[in-house]
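2 protein chains.
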Amino acid sequence: MVVSTAPAALQAGERIRRLREAVVEAGLDAFVATSDESIAYLSGFRPLQLERLFAVTVHAGSSAAILVPALDRGQVRDAPDVLTRVSYEASSDGVAELVAALAGARRVGVEGEHLNFARSEALRAAGFELVSAGQLMDALRWCKEAGEIEKVRAACELVERGVRLVFETLSPGVTEREANGRVESWLREQGARAAHPLILFGERAANPHSEPGDRELRVGDVVCADLSACLDGYWGDLTRCATVGPASDWARDAWIVVREAQAAAIAACRPGISAREVDAAARQPVEARPDLGQCLHGAGHAIGLAIHEPPFLVPRTQTPLVAGMIFTIEPGIYLPGVGGLRLEDDVLVGPDGPELLSTPHPELLELSA
Amino acid sequence: MVVSTAPAALQAGERIRRLREAVVEAGLDAFVATSDESIAYLSGFRPLQLERLFAVTVHAGSSAAILVPALDRGQVRDAPDVLTRVSYEASSDGVAELVAALAGARRVGVEGEHLNFARSEALRAAGFELVSAGQLMDALRWCKEAGEIEKVRAACELVERGVRLVFETLSPGVTEREANGRVESWLREQGARAAHPLILFGERAANPHSEPGDRELRVGDVVCADLSACLDGYWGDLTRCATVGPASDWARDAWIVVREAQAAAIAACRPGISAREVDAAARQPVEARPDLGQCLHGAGHAIGLAIHEPPFLVPRTQTPLVAGMIFTIEPGIYLPGVGGLRLEDDVLVGPDGPELLSTPHPELLELSA
Chain U
7 MVVSTAPAAL QAGERIRRLR EAVVEAGLDA FVATSDESIA YLSGFRPLQL ERLFAVTVHA
67 GSSAAILVPA LDRGQVRDAP DVLTRVSYEA SSDGVAELVA ALAGARRVGV EGEHLNFARS
127 EALRAAGFEL VSAGQLMDAL RWCKEAGEIE KVRAACELVE RGVRLVFETL SPGVTEREAN
187 GRVESWLREQ GARAAHPLIL FGERAANPHS EPGDRELRVG DVVCADLSAC LDGYWGDLTR
247 CATVGPASDW ARDAWIVVRE AQAAAIAACR PGISAREVDA AARQPVEARP DLGQCLHGAG
307 HAIGLAIHEP PFLVPRTQTP LVAGMIFTIE PGIYLPGVGG LRLEDDVLVG PDGPELLSTP
367 HPELLELSA
Chain A
7 MVVSTAPAAL QAGERIRRLR EAVVEAGLDA FVATSDESIA YLSGFRPLQL ERLFAVTVHA
67 GSSAAILVPA LDRGQVRDAP DVLTRVSYEA SSDGVAELVA ALAGARRVGV EGEHLNFARS
127 EALRAAGFEL VSAGQLMDAL RWCKEAGEIE KVRAACELVE RGVRLVFETL SPGVTEREAN
187 GRVESWLREQ GARAAHPLIL FGERAANPHS EPGDRELRVG DVVCADLSAC LDGYWGDLTR
247 CATVGPASDW ARDAWIVVRE AQAAAIAACR PGISAREVDA AARQPVEARP DLGQCLHGAG
307 HAIGLAIHEP PFLVPRTQTP LVAGMIFTIE PGIYLPGVGG LRLEDDVLVG PDGPELLSTP
367 HPELLELSA
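The listed protein sequences correspond, in order, to chains U and A. Counting from 7, one number per residue, gives the positions in the first sequence under the working numbering. Counting from 7, one number per residue, gives the positions in the second sequence under the working numbering.
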């Protein structure tokens, strides 16, 4: 009987091959991926890490391994054959096994934004020279394959259906907690592995990362509904806004600014444009109206296996856009004590310019009071 | 009008005072807390971090600060007055502001299990000598205050109600995904900020961290239902098991082992006993029966603001237990291809011995087939 390797494993095998090329080109002896998403990208297996160490190691030569606690040994059976399985018992914290998997290497690239300080010190003590080289992994992951693009599109479709549900069922008296709980349940029922709704009412939307609470929806409120869901491993992330009853002058004016900012940033999503230029396109119209509120965050972030992944569309990022990147474009404006409005869509950088993966919805909805 | 400081802020102020004492005693100039839970413990504010840097800095002298992105500036208003508010715009990654907040310090303690390698390198480049000193923070957090103990107890009560719901509504044909989704929704509706059910059926329970999937419940299956929920900031985490129809010989024998292992480990939860001794008490009866399955993990972990926090009850941890610690005690036994059983309760280390915060349930339930 011929045992055929599953397509997912083949794909992961090809990704490992490309990572190895990058490792060689960067003059490293090996690379250690430790983040959930990078491990999933290279092996098809998404860990539940908690305090435990997981890693995929790729040498410049031919060896490569996946390291998991004994607890997860049974779950890496479908990983690509090129990955040697290594597991450790609860008597170990996994570092000795990671050191062994890296044997022969001296200069080792690590995911600097993920590997923790204690583990980095342990690897150094074992004689490795560590190089923060997460960008090697990022550069693979941010060029989405056709199958990945379709998964983000499918996640966006699910989130759009969630947004419709939110606005169809919102009415004065509902609390933030109820509104968020309801749509989170619904998204999970539809098959989302994880979902992070963040629906805020009125003046509470001025702090965009507030935790939904007991605030009831009232006539005159704005509603800022940021919904995300992970479907088949990939995230979609959208924000739509509404007012309960007619929009106030502030909401109407602020929405025009946000809409204009989003259109400008989407138009900037072209190969060769830098991440900071996309941010600037969104930022300029918002910062031009301090009377309407503050610009509290960047224009967006890449999205894929992680809900937030590099490149980040912020003034400090000079990374040039390349075809295949997918970004949220989500300018917002926030006026303390009054409210916050944000408009967010997911955009593919196509070879000739932006392609929306979500259905644009530039209207400020008006809910019946 | 006299503005009184909220009790939560007073409490956090006292915790900062105690952290400062530990910093002085350890010969450090300052400490930087960066994990969600430590920041929540010291400030009352629980961040949503993603890629952004958040920190609480405490100098050996009198200064202390909370560092957040501009996005979260509005959310730290209720933090204790002793914390200077520092925020940074999207043009910064926050490191320069953290360096400024640490000015005057040379030897800086960090949470080595949380601070990432890239940020540690940036702090070193700024001239700080970093010391992995998460244990200072751990030693504060693991001695639970009376109010914290009551919160874990309340979270356990909620989880117990969730467990009852699971077993009342499970019947052959239900999928793992449905069973998990249903109780997660319910826990969220009851006010849980987060909930992580992990209910697995039959042979799938042999891999205890599998992701719930399309597997339908069948007559003859074991059900391993691990439920956790975070209520008012604190976690409860319990596991109960059942069989669909009469237990097989394996399930009956394995359950006796698990029950015995749990009773032994609970009895060991006394001040002065080391974490590894508690693990050994659970491990010995499981490892004595390799014919029934494997012992894939330690006896449990501390629980509180984080679902898993130190000390971990594993063979490598020599930390002695002290009164006020709360642990999950959760031995399990796992037989590939057949199933897995685990029994988990949450236990307070009292001055005179263990006190269960959950209602013990040592029976293997039998669901109607």
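Using N, Cα and C, we set each Cβ at its ideal position, and we do this for glycine too.
- [ ] Can you tell me which of A:Gly310, A:Arg130 and A:Leu204 puts its alpha carbon nearest to the alpha carbon of Glu151 (chain A)?
- [x] A:Gly310
Task: Three-state class that DSSP yields for Asp238 (chain U) in the structure shown - done: coil
- [ ] Using a Cβ-Cβ cut-off of 9 Å, state whether Val116 (chain U) counts as contacting chain A.
- [x] yes
Open item on the list: Can you check whether the C-beta of Ser49 (chain U) is within less than 9 Å of a C-beta belonging to chain A?
Closed with: no
Task: chain U within 9 Å of Ala76 (chain A), Cβ atoms only - done: yes
TODO: Measuring alpha carbon to alpha carbon, tell me which of U:Ala257, U:Tyr240 and U:Pro203 ends up nearest Gly226 (chain U).
DONE: U:Ala257
TODO: Taking only runs that begin and end inside the stretch 153-215 of chain A, name each unbroken beta strand (DSSP E) of 3 or more residues, in chain order.
DONE: 204-207
TODO: Examine the Cβ distances between the stretch 159-168 of chain U and the stretch 136-144 of chain U and report whether three or more of them are shorter than 8 Å.
DONE: no
TODO: Please look up how many angstroms separate the CB atoms of Thr334 (chain A) and Asp243 (chain A), rounded, as I've assumed it's under 8 Å.
DONE: 5 Å
- [ ] At 8 Å on the CB atoms, spell out the chain A contacts of Pro203 (chain U), in chain order.
- [x] Here the premise fails: no neighbours, minimum Cβ distance about 11 Å.
- [ ] Kindly say whether Leu54 (chain U), judged by its beta-carbon, lies nearer than 9 Å to any beta-carbon of chain A.
- [x] yes
Open item on the list: Taking beta-carbon pairs under 9 Å, can you tell me which members of the stretch 114-143 of chain A lie near chain U?
Closed with: Val116, Glu117, Gly118, Glu119, His120, Leu121, Asn122, Phe123, Ala124, Arg125, Ser126, Glu127, Leu136, Ser138 and Gly140
- [ ] Note the first and the last residue of the continuous alpha helix (DSSP H) segment covering Leu142 (chain A).
- [x] Gly140 to Arg147
- [ ] Tell me whether Asp220 (chain A) sits in a helix, a strand or coil according to DSSP, three-state version.
- [x] coil
Open item on the list: Please confirm whether His65 (chain U) has its beta-carbon closer than 9 Å to some beta-carbon of chain A.
Closed with: no
TODO: Note down, in chain order, every chain A residue with its Cβ under 7 Å from the Cβ of Val344 (chain U).
DONE: Within chain A, no residue comes near Val344 (chain U); the closest Cβ sits about 12 Å away, beyond 7 Å.
- [ ] Quick one: grab the DSSP three-state call for Ser49 (chain U).
- [x] helix
Open item on the list: Helix, strand or coil, according to DSSP, for Ala96 (chain A) in the structure here?
Closed with: coil
TODO: Note down, in chain order, each residue of its chain lying with its Cβ closer than 8 Å to the Cβ of Trp241 (chain A), except the 5 sequence neighbours on either side.
DONE: Val158, Ala161, Ser234, Ala235, Ile309, Gly310, Leu311, Ala312 and Ile313
TODO: Name, in chain order, the residues that DSSP records as bridge partners for Asp232 (chain A).
DONE: A:Leu204 and A:Thr245
Open item on the list: Checking 9 Å against the spacing of the C-beta atoms, do Ala106 (chain U) and Phe134 (chain U) come in under that value?
Closed with: no
Task: Residues bridged to Ile72 (chain U) [DSSP beta-bridge criterion] - done: U:Val62 and U:Arg91
Open item on the list: Please tell me whether Asp285 (chain A) and Ala271 (chain A) are closer than 9 Å, where the distance is taken between their beta carbons.
Closed with: yes
Task: Cβ shell of Ser49 (chain U) (< 8 Å), same chain only, five flanking positions each side left out - done: Ala18, Val62, Ile72, Val82, Ala85, Pro86 and Leu89
Task: Backbone CA spacing between Leu206 (chain A) and Arg170 (chain U) [nearest angstrom] - done: 32 Å
Open item on the list: Against chain A, does Ala161 (chain U) count as a neighbour if the rule is that its beta carbon must be under 9 Å from one of theirs?
Closed with: no
Open item on the list: Count Cβ pairs between the stretch 319-326 of chain A and the stretch 97-106 of chain U that sit closer than 8 Å; are there 3 or more?
Closed with: yes
- [ ] Could you say which of U:Ala274, U:Pro252, U:Ala273 and U:Cys247 lies nearest to Trp261 (chain U) if we only look at CA atoms?
- [x] U:Cys247
- [ ] Enumerate in chain order the residues of its own chain whose CB-to-CB distance from Arg295 (chain U) is below 6 Å, with the five nearest sequence positions on each side excluded.
- [x] Val263
- [ ] Please confirm if Arg295 (chain U) has its CB atom under 9 Å from at least one CB of chain A.
- [x] no
Task: Endpoints, the beta strand (DSSP E) within which Val105 (chain U) is located - done: No beta strand (DSSP E) holds Val105 (chain U); the alpha helix (DSSP H) holding it covers Val101 to Ala107.
TODO: Verify the CB distance criterion: does Ile313 (chain A) have a CB-CB separation below 9 Å to chain U?
DONE: yes
Open item on the list: Measuring straight from C-alpha to C-alpha, what distance separates Leu204 (chain A) and Asp232 (chain A)?
Closed with: 5 Å
TODO: Determine the burial state of Gln300 (chain A): buried for a count of at least 16 other Cβ atoms within 10 Å of its Cβ, exposed for fewer.
DONE: buried
Task: Arg221 (chain U) vs Thr249 (chain U) beta-carbon contact at 9 Å - done: no
TODO: Please list the residues of the stretch 203-237 of chain A that have a C-beta atom closer than 8 Å to any C-beta atom in chain U, keeping them in chain order.
DONE: Ala212, Asn213, Pro214, His215, Ser216 and Glu217
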